[in-house]
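K.L.:
Residue numbers (full-length UniProt numbering): 1 to 322. Heads up, the beta-carbon is just placed ideally off N, CA and C, and yes, glycines get one too. Next up is a structure, given as structure tokens.
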């Protein structure tokens, strides 16, 4: 990537007039992605995690975290509700739960594919390549794994015992197995230098991601970063707009973190700034509050997703993805 490209991104992120930036991003979105908003039904099936990331409430050192693990039948039933509500894809998300057998997750995937016929996207963290291969064979077609930050030194500080290169190698492995890959990063996490956000966007482009999720940092009280200030909604929207301009064909979500910081207009504004995906939650009510990666997580349901789509002047995609 050339310095000029990086400089242009820095201009978009920090200097471009807001209305001009959002109008440009919206025009790119309209040309490349159309008016439809895809709705992905999110099911958080396990709150167990072997990692100790310094910002995440699921970290293994958090003894206050409530741990749960859904059965394949519970997951399939939740997916059925999501599809009935209008979701065109099911996203199965968990911590890095290495105690959850790969075959158990494969059963979830097969059940959803056979009973509901919708696309299955996974977000299960770093696992052995054989697990990725098994899930691909079971019918999963996409995998979401945020690179979190393009700053290798910051990555190492935030993820004890892990490296950015390990993360990127996992993404490359997934791509090699035929997955469509999604990545993303945290906006405003403590220690992040302003120019790194441009590097994050360039890294996502270099990886060739089909989806990129970027949301503001929100602290979780039982973590080492629990007392740090939250990220900026205004900056998060600028990042989303810059992402759309840099990755015109990618699917970009208006994140739940945006809705958490601005429950009234966060996701609506995200759709106006270039997003084309919403991910309402369908984790069963008995466990929803226990998937606590950050505090005060806003509950985005299908009704709220539809309201955001309507407020943004967009349409809910009724196209069932293959």
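Cutting at 7 Å between CB atoms, please list the residues of its own chain near residue 297, excluding the five before and the five after it.
P.N.:
As a working note, residue 297 is residue 297 in the chain shown. So the qualifying residues of the chain are 256 and 260.
K.L.:
Measuring straight from C-alpha to C-alpha, what distance separates residue 314 and residue 240?
P.N.:
On the chain shown, position 314 is the one that residue 314 refers to. On the chain shown, position 240 is the one that residue 240 refers to. Taking the straight line joining both Cα atoms gives about 17 Å.
K.L.:
Just to confirm the assignment: which complete alpha helix (DSSP H) runs, minimum length 4, are found wholly within the segment 296-321?
P.N.:
302-311
K.L.:
Unbroken beta strand (DSSP E) runs of length 3 or more, entirely within the segment 221-293: which are they?
P.N.:
none
K.L.:
Looking only at its chain, what residues have a beta carbon closer than 6 Å to the beta carbon of residue 6, apart from the 5 residues adjacent to it on each side?
P.N.:
Sequence index remark: in the chain shown, residue 6 carries index 6 (1-based). Closer than 6 Å at the Cβ level, and outside the excluded window around residue 6, lie 198.
K.L.:
Of the residues 291, 144, 231 and 115, which one's Cα is nearest the Cα of residue 64?
P.N.:
The count along the chain shown starts at 1 and reaches residue 64 at position 64. The option with the nearest alpha carbon to residue 64 is 291.
K.L.:
My output table needs one value for residue 187: the three-state DSSP class, helix, strand or coil.
P.N.:
Residue mapping note: residue 187 aligns to position 187 of the chain shown, counting from 1. Correct three-state label for residue 187: strand.
K.L.:
Can you list, in chain order, the residues of its chain whose CB lies under 6 Å from that of residue 70, leaving out five sequence neighbours each side?
P.N.:
In the chain shown, counting from the first residue as 1, residue 70 sits at position 70. Within the same chain, and ignoring the five residues on either side of residue 70 in sequence, the residues whose Cβ sits closer than 6 Å to its Cβ are 45.
K.L.:
Here's the rule I'm using: 16 or more other beta-carbon atoms within 10 Å means buried, otherwise exposed. How should residue 121 be labelled?
P.N.:
For the purposes of this step, residue 121 is taken as residue 121 along the chain shown, with counting starting at 1. Its Cβ being crowded by 16 or more others within 10 Å, residue 121 is buried.
K.L.:
Select from 47, 68 and 72 the residue whose C-alpha is nearest the C-alpha of residue 108.
P.N.:
Mapped onto the chain shown, residue 108 falls at position 108. Closest by alpha carbon: 72.
K.L.:
Mind checking residue 286: buried by the 16 CB within 10 Å criterion, or exposed?
P.N.:
Within the chain shown, the letter at position 286 stands for residue 286. By the Cβ-count criterion, residue 286 is exposed, with fewer than 16 other Cβ atoms from all chains shown falling within 10 Å of its own Cβ.
K.L.:
Which of the three DSSP states is assigned to residue 103 in this structure?
P.N.:
Locating residue 103 in the chain shown gives position 103, counting from the first residue. Three-state result, residue 103: helix.
K.L.:
What are the uninterrupted segments assigned as alpha helix (DSSP H) that are 4 or more residues long and contained completely in the segment 161-186, given in chain order?
P.N.:
164-176
K.L.:
To test your reading of the DSSP string, which unbroken beta strand (DSSP E) runs of 3 or more residues are found completely within the segment 3-77?
P.N.:
36-46
K.L.:
Where does residue 219 sit, in a helix, a strand or coil, going by DSSP?
P.N.:
Numbered from its first residue, the chain shown carries residue 219 at position 219. Three-state result, residue 219: coil.
K.L.:
Please report how far the alpha carbon of residue 78 lies from the alpha carbon of residue 111, in whole angstroms.
P.N.:
For the purposes of this step, residue 78 is taken as residue 78 along the chain shown, with counting starting at 1. For the purposes of this step, residue 111 is taken as residue 111 along the chain shown, with counting starting at 1. Those two C-alpha atoms are separated by around 12 Å.
K.L.:
Which same chain residues, not among the five before or five after residue 178, have their C-beta less than 7 Å away from its C-beta?
P.N.:
Residue mapping note: residue 178 aligns to position 178 of the chain shown, counting from 1. Taken in chain order, the residues that qualify are 136.
K.L.:
So, for residue 57: in the same chain, excluding its five sequence neighbours on each side, which residues have a beta-carbon less than 7 Å away from its beta-carbon?
P.N.:
On the chain shown, position 57 is the one that residue 57 refers to. Cβ within range, chain order: 65, 220, 222, 223, 292, 293 and 294.
K.L.:
Taking buried to mean at least 16 other C-beta atoms within 10 Å of its own C-beta, is residue 172 buried or exposed?
P.N.:
Taking the first residue of the chain shown as position 1, residue 172 is located at position 172. Classification for residue 172: exposed.
K.L.:
Can residue 209 and residue 183 be called in contact, C-beta distance under 7 Å?
P.N.:
Here residue 209 refers to the residue found at position 209 when the chain shown is read from its first residue. Here residue 183 refers to the residue found at position 183 when the chain shown is read from its first residue. The answer is yes: Cβ separation under 7 Å.
K.L.:
Rounded to a whole number of angstroms, what is the C-alpha to C-alpha distance between residue 316 and residue 279?
P.N.:
Position 316 of the chain shown, counting from 1, holds the residue named residue 316. Position 279 of the chain shown, counting from 1, holds the residue named residue 279. If I take the Cα positions, the gap works out to 12 Å.
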